[in-house]
Amino acid sequence: MAAKSAKPRSLQNITVKKFIDDYLYRIDLDADYQREKIWSIKQQEDLLDSIVKDIDIPKIYLVEVQDNKQFDYECIDGKQRMASLSRFFKPGTDEESPLTVRILERQYTYRQLKKEHPSIARQIERYKLSFCIYESIDDEYIREIFRRLQLGIRLNSGELLKTRTGTLRDFIYKDIGNNGPFLRHTNLSEKRFSRPFTLAQICINSFARAEPENDFVRARLQDIELFFEENHDLDRKDKNLTRIERVLKLMDKAFGKNAGVISSRAIAVSGYLFVEELVKNEKADRVPEFSQFYVKLLGEIKHNTDLLSKYEKPRNPSLMEEFQKYVLQASVEGYSIKRRHEYLKMAFDYYLDPKTNGKIIGGK
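So the sequence shown is residues 335 to 698, counted in my numbering.
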């Protein structure tokens with residue numbers, strides 16, 4: 335197989351000052367495949383220390399963009415470095431504190447450094463950053479470069495999935511996003527795309543359950559990537575996506591902020607799939623009762639987990655063995671999702687039985 339021809343690009347060395355003054359405002363740091371700003375204060379200040387000590391820092395990759403009224407370039411790789419330099423030279427009013435650089439056992443902001451150690455400030459300003467700038471290239475190639483450049487950096491599943499393209503990717507990361515219905519109230523992290531990845535796990539099983547086999551499927555990253563590829567050009571008005579959005583809104587209304595007790599992807603996925611089945615079986619009126627049951631069941635799990643952490647016997651061993659075990663072990667496997675689902679069916683029926691008075695099965 336012939337190798338792809340090299341794409342036109344230029345290598346440039348640009349001083350920090352020129353970058354801040356002439357380039358920074360022209361670069362889009364937040365392309366949709368990019369990670370959030372995740373560097374700690376220490377990592378950002380270590381970058382400044384490297385510049386002071388004239389230690390080489392990795393090359394920054396940009397691509398020229400066309401038909402963009404706001405930016406001339408898009409960042410492919412180097413967002414954390416550029417954002418750190420921006421914070422040092424132009425700290426925003428929303429920053430908790432400006433970045434500092436350590437000189438002679440003291441910490442200095444850029445403004446303080448210019449006043450008290452102007453020669454060192456000039457040294458930082460004159461430091462040359464190495465840029466690789468591609469001429470305008472297609473979106474798929476940009477994302478491929480991004481993925482290749484991240485091979486030495488561990489991206490999590492949500493970040494890797496975000497680099498994909500297609501209808502499902504846009505539905506999950508753009509249309510619903512971090513603050514979509516139901517998931518916005520959960521205790522799943524807003525950072526590093528934990529909520530969108532949870533929604534991807536929901537989608538792959540929701541689609542599978544709509545097939546004649548009506549079965550649960552494994553929801554690892556590799557499975558979801560293949561799922562994205564198979565449905566790359568799916569119609570945004572597809573009935574599966576419409577159903578998922580409708581069920582999420584129903585759950586949002588039923589759970590409200592009580593969804594804050596949900597801090598596990600597996601718990602969120604199982605809750606969604608159970609509600610979806612209620613809707614499918616024309617029992618949507620049961621969703622508010624299910625939300626109350628689910629919150630109570632999760633409280634029971636927490637209580638029993640606390641007992642186990644103190645080396646005490648759980649008060650509801652069947653709950654821990656038949657449900658929580660499949661949250662903690664192989665949670666994304668189809669058989670684990672099925673076991674949790676079957677347990678919820680039994681436990682919810684027990685909860686609704688007038689004779690049990692709203693108790694959790696197995697509880698004392």
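Idealized CB from N, CA, C, for every residue including glycine.
Asked                                                                                                                             : Found
Under the three-state DSSP convention, the category ASN347 falls into                                                             : strand
Residue(s) in a DSSP beta bridge with PHE353                                                                                      : None; PHE353 has no bridge partner.
With 16 other Cβ atoms within 10 Å as the buried cut-off, status of PRO651                                                        : exposed
Environment of LYS496 [buried if 16+ CB atoms lie within 10 Å]                                                                    : buried
Extent of the continuous beta strand (DSSP E) run through ASP640                                                                  : Element bounds for ASP640: not the beta strand (DSSP E) but the alpha helix (DSSP H), 621-643.
Rounded C-alpha distance that separates TYR677 from PHE550                                                                        : 14 Å
Three-way DSSP call (helix, strand, coil) for VAL661 in this model                                                                : helix
Integer-rounded CB distance, given that PHE422 should sit under 8 Å from LEU358                                                   : Their Cβ separation, rounded to whole angstroms, is 12 Å, which puts LEU358 and PHE422 out of contact at 8 Å.
Exposed unless 16 or more other CB atoms sit within 10 angstroms - verdict on ILE389                                              : exposed
8 Å contact criterion, which GLY500 and HIS451 should meet: CB distance rounded                                                   : No, GLY500 and HIS451 are not in contact; Cβ-Cβ is about 52 Å, not under 8 Å.
Contiguous alpha helix (DSSP H) assignments of at least 4 residues, all confined to the region 575-626                            : 599-614
Distance between TYR669 and ASN701 (C-alpha atoms, nearest Å)                                                                     : With the chain running from 335 to 698 in the structure shown, residue 701 is simply not present.
Of the listed residues GLU646, ALA455, ARG343, nearest to CYS466 (C-alpha basis)                                                  : ARG343
ASP366 - DSSP class collapsed to helix/strand/coil                                                                                : coil
Sheet register partners of LEU463 (DSSP bridge)                                                                                   : ILE348
First and last residue of the uninterrupted alpha helix (DSSP H) at LEU560                                                        : 555-564
Alpha carbon of GLY590 to alpha carbon of SER523, nearest angstrom                                                                : 17 Å
Backbone secondary structure at VAL666 - three-state DSSP                                                                         : coil
Stretch-stretch touch, CB-based, cutoff 8 Å, three pairs: the region 429-443 with the region 389-407                              : no
Rounded straight-line distance, which links the Cα of GLU579 to that of ALA618                                                    : 14 Å
Within 8 Å, strictly: CB atoms of ILE479 and GLN414                                                                               : no
Contacts around GLY605, its chain only, beta-carbon distance under 6 Å, and the 5 residues preceding and following it disregarded : TYR628
Distance CB(PHE516)-CB(MET585) smaller than 8 Å                                                                                   : yes
Presumed contact (8 Å Cβ cut-off) between ASP362 and PHE405, rounded CB distance                                                  : 4 Å
Secondary structure of ASP411, DSSP reduced to three states                                                                       : strand
Whole-angstrom distance between ASP509 and PHE562, CA atom to CA atom                                                             : 16 Å
In DSSP terms, what GLY475 is bridged to                                                                                          : Per the sequence shown, the amino acid found at residue 475 is Tyr instead of Gly. DSSP lists no partner for TYR475.
C-beta contact flag for LEU447 and VAL350 at 8 Å                                                                                  : no
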